[in-house]
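Reading the sequence shown from the start, the letters are residues 148 to 351 in my numbering.
Here the structure is laid out as structure tokens; the discussion comes afterwards.
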Amino acid sequence: MRLARVQDLREAMGFDDIPDINRAIEFALDAATGRCATLLRTEFDNANIADTFYIQVVPAGVIFHPKVKLRQGFVDAQSVTVYRASTLTQLDDANLRETWTAKVTVDATRGTLVVGGLTAGDHFLRVIYDAGFDADATEADTYDLSAVPDWLQTAAMLFARARLDSHPLFKEAEATKDAAGLESDAHQILLPHVRYMPDAVLPY
Numbered sequence: 148m149r150l151a152r153v154q155d156l157r158e159a160m161g162f163d164d165i166p167d168i169n170r171a172i173e174f175a176l177d178a179a180t181g182r183c184a185t186l187l188r189t190e191f192d193n194a195n196i197a198d199t200f201y202i203q204v205v206p207a208g209v210i211f212h213p214k215v216k217l218r219q220g221f222v223d224a225q226s227v228t229v230y231r232a233s234t235l236t237q238l239d240d241a242n243l244r245e246t247w248t249a250k251v252t253v254d255a256t257r258g259t260l261v262v263g264g265l266t267a268g269d270h271f272l273r274v275i276y277d278a279g280f281d282a283d284a285t286e287a288d289t290y291d292l293s294a295v296p297d298w299l300q301t302a303a304m305l306f307a308r309a310r311l312d313s314h315p316l317f318k319e320a321e322a323t324k325d326a327a328g329l330e331s332d333a334h335q336i337l338l339p340h341v342r343y344m345p346d347a348v349l350p351y
């Protein structure tokens with residue numbers, strides 16, 4: 148699916164509603180969506196996910212607040228539920244695990260949690276959450292753009308415009324000139340949101 152509408156990009160570029168133009172923009176937006184996913188290190192499709200983490204805290208007397216990286220970004224913060232247990236077996240048992248949701252801070256866009264209150268010992272965490280975007284109710288090839296941040300839509304359109312610079316139908320178009328500049332602008336928009344965090348605990 149796409150992070151921007153074909154019609155919106157076509158009109159922004161000043162082109163008429165022509166089938167060949169629309170098809171070229173569709174392909175460009177498809178590629179741009181994949182580019183954004185690769186750079187941000189996340190998928191965009193809506194999913195319900197359960198991630199499991201293991202954290203060992205030493206030494207005694209220390210309260211640890213680790214950051215964990217979820218498998219996907221663009222998390223629905225209200226959907227996040229966190230469980231904690233001392234063993235994996237206990238974590239799988241609803242009667243033995245503890246609910247830890249109130250002790251976490253969620254970065255919904257980047258898909259990270261800061262987990263509070265962990266003292267010395269072994270900690271198994273399970274984070275259950277919804278992430279990603281639903282399809283638009285009327286355009287099955289496009290995400291519901293009311294849920295997609297404006298900055299992400301803009302980056303996708305910039306990448307698409309840069310890709311169209313080499314297309315014969317757009318060669319003389321003012322809106323696609325300076326492909327390198329368009330790509331650079333898109334990179335700058337995405338940079339603060341990239342899910343690169345080498346210090347975070349990863350799911351297993």
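Backbone N, C-alpha and C fix where the C-beta goes; we use that ideal spot for every residue, glycine too.
None of these values were measured; they are calculated from a predicted model.
Which residue marks the beginning of the alpha helix (DSSP H) containing residue i, and which one marks its end?
i      : result
Thr189 : Where Thr189 is concerned, there is no enclosing alpha helix (DSSP H), given that its DSSP letter is neither H nor E.
Leu238 : 235-238
Thr301 : 297-311
What would DSSP say about residue i, mapped onto helix, strand or coil?
i      : result
Leu292 : coil
Leu260 : strand
Starting from residue i, follow the beta strand (DSSP E) in both directions and report where the run begins and ends.
i      : result
Ile336 : Careful: Ile336 lies outside any beta strand (DSSP E), inside the alpha helix (DSSP H) at 326-337.
Thr228 : 228-232
Thr252 : 251-254
Taking only the alpha-carbon atoms, compute the straight-line gap between residue i and residue j and give it to the nearest angstrom.
i      : j      : result
Pro339 : Thr189 : 14 Å
Gln288 : Ala179 : For clarity, residue 288 is Asp in the given sequence; the question names Gln instead. Cα to Cα, Asp288 sits roughly 14 Å from Ala179.
Tyr290 : Asp281 : 6 Å
Ser226 : Ala184 : 22 Å
Lys318 : Leu311 : 8 Å
Pro296 : Leu217 : 19 Å
Ala327 : Phe221 : 28 Å
Ala156 : Asn242 : Correcting the residue type first, residue 156 is Leu in the shown sequence and not Ala. So the two alpha carbons sit approximately 53 Å from each other.
Val229 : Val253 : 11 Å
Leu305 : Asn169 : 16 Å
Leu329 : Gly263 : 41 Å
Ala333 : His314 : 19 Å
Tyr343 : Leu337 : 12 Å
Ala224 : Tyr276 : 8 Å
Pro345 : Thr199 : 18 Å
In the DSSP assignment, what are the bridge partners of residue i?
i      : result
Asp198 : Val274
Phe280 : Asp192
Arg149 : Thr289
Glu173 : Answer is none; Glu173 lacks a bridge partner.
Leu265 : Phe211
Val348 : Val215
Val204 : Gly268
Val222 : Ala278
Thr246 : Tyr230
Tell me whether residue i, by its Cβ, gets closer than 6 Å to a heavy atom of the ligand NAP.
i      : result
Asp192 : This structure simply doesn't include the ligand NAP, nor any ligand for that matter.
Exercise. Would you say the stretch 205-222 touches the stretch 232-245, given that touching needs at least three Cβ pairs under 8 Å?
Worked result: Judged by Cβ distances under 8 Å, the stretch 205-222 makes no contact with the stretch 232-245, as fewer than three pairs qualify.
Problem set entry | contact_flag[the stretch 167-176, the stretch 152-159] where n(CB pairs < 8 Å) is 3 or more | These segments touch.
For this session: Count the C-beta pairs between the stretch 263-278 and the stretch 296-310 that are closer than 8 Å, then say yes if the count reaches three, no if not.
Result: Because the criterion of three Cβ pairs below 8 Å is not met, the stretch 263-278 and the stretch 296-310 do not touch.
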